[in-house]
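Enquirer: Using numbering that gives the first Met the number 0, the letters of the sequence shown correspond one by one to residues 0 to 181.
Positions of the beta carbon are idealized from the N, C-alpha and C atoms, including for glycine.
Given the structure is predicted, the values throughout are model-derived calculations rather than measurements.
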Amino acid sequence: MNIGYRLPEVTFHTRVRDESIEGPNPFRWEDKTTADYFKGKRVVLFSLPGAFTPTCSTYQLPGFENGFGDFAAEGIDEIYCMSVNDSFVMNKWAIDQDLENVKVIPDGSGEFTRRVGMLVRKDNLGFGLRSWRYACVVNDGVIEAWFEEPGLSDNHGEDPYGVSSPETVLNWLKEDSAEKAA
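Laid out in structure tokens, this is it:
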């Protein structure tokens, strides 16, 4: 993905809590667009192969969640976690992970992921189409920095993790802030 690239306009089908709905599932459908998430904000977006998977749940998501204050200190307004999972799965994972800072974006059909060139086959794991692991800093819908794990390919035998880690992204933000201040 190229620095300076504008994110594709996609509609995400989300489920949002609605207190006017009675019963055990007080949620309604709400379509949100790329602009709804990214317009006028500087954000970190990270994407991963799947909710509830080991690396995602143990390292990447908790690292961004727990480090939110450090990211905010570097001018980040929001941190978004995206996966090629539907809204039901993403919302349940957010609850399971006790998220307060990171917001989840369901890319259930993989349209956004496909359009940024990160959609890969993970049939070797029984996953089907999923996102390759990456992170980026996005300013008003435009990519400022891109952190892609090495080896982008279908049915990769491993799940590389490091380049898109919270620590790597935060270090880049700190260096960028220092360069702008100099």
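Please classify Ser163 as buried or exposed, where buried requires at least 16 neighbouring CB atoms within 10 angstroms.
Expert: Burial call: buried.
Enquirer: Can you tell me where the alpha helix (DSSP H) with Leu169 in it begins and where it stops?
Expert: Where Leu169 is concerned, the enclosing alpha helix (DSSP H) stretches over Pro165 to Ala180.
Enquirer: With DSSP as the reference, label Ala144 as helix, strand or coil.
Expert: If DSSP states are grouped into helix, strand and coil, Ala144 belongs with the strands.
Enquirer: In terms of alpha-carbon separation, which member of Arg5, Thr10 and Leu6 lies closest to Gly107?
Expert: Closest by alpha carbon: Thr10.
Enquirer: Taking the alpha-carbon positions, what's the Asn123 to Asn154 distance?
Expert: Rounded to the nearest angstrom, the two C-alpha atoms are 5 Å apart.
Enquirer: According to the neighbour-count rule (16 or more other Cβ atoms, all chains shown, within 10 Å of its Cβ), is Trp28 buried or exposed?
Expert: When all chains shown are included, Trp28 counts as exposed.
Enquirer: Where DSSP assigns a beta bridge to Tyr79, which residues make up the other side?
Expert: Partner(s): Leu44 and Lys102.
Enquirer: Rounded to whole angstroms, what's the CA-CA distance from Thr32 to Lys102? Just pull it up for me.
Expert: Computed Cα separation, rounded: 14 Å.
Enquirer: Does DSSP put Leu6 in a helix, a strand or coil?
Expert: Leu6 falls in the coil class under three-state DSSP.
Enquirer: When you compare only the Cα positions, how much space is there between Glu77 and Gly22?
Expert: In a straight line, the C-alpha of Glu77 is about 31 Å away from that of Gly22.
Enquirer: Which residues mark the beginning and the end of the beta strand (DSSP E) in which Ala134 is found?
Expert: From DSSP, the beta strand (DSSP E) with Ala134 extends over Tyr133 to Asn138.
Enquirer: Near Phe51, what residues of its chain come up, given a Cβ to Cβ distance below 7 Å and the 5 sequence neighbours on each side ignored?
Expert: So the qualifying residues of the chain are Trp92.
Enquirer: Any idea if Thr57 is buried or exposed, counting beta-carbon neighbours within 10 angstroms, 16 or more meaning buried?
Expert: Thr57 is exposed by the Cβ-count criterion.
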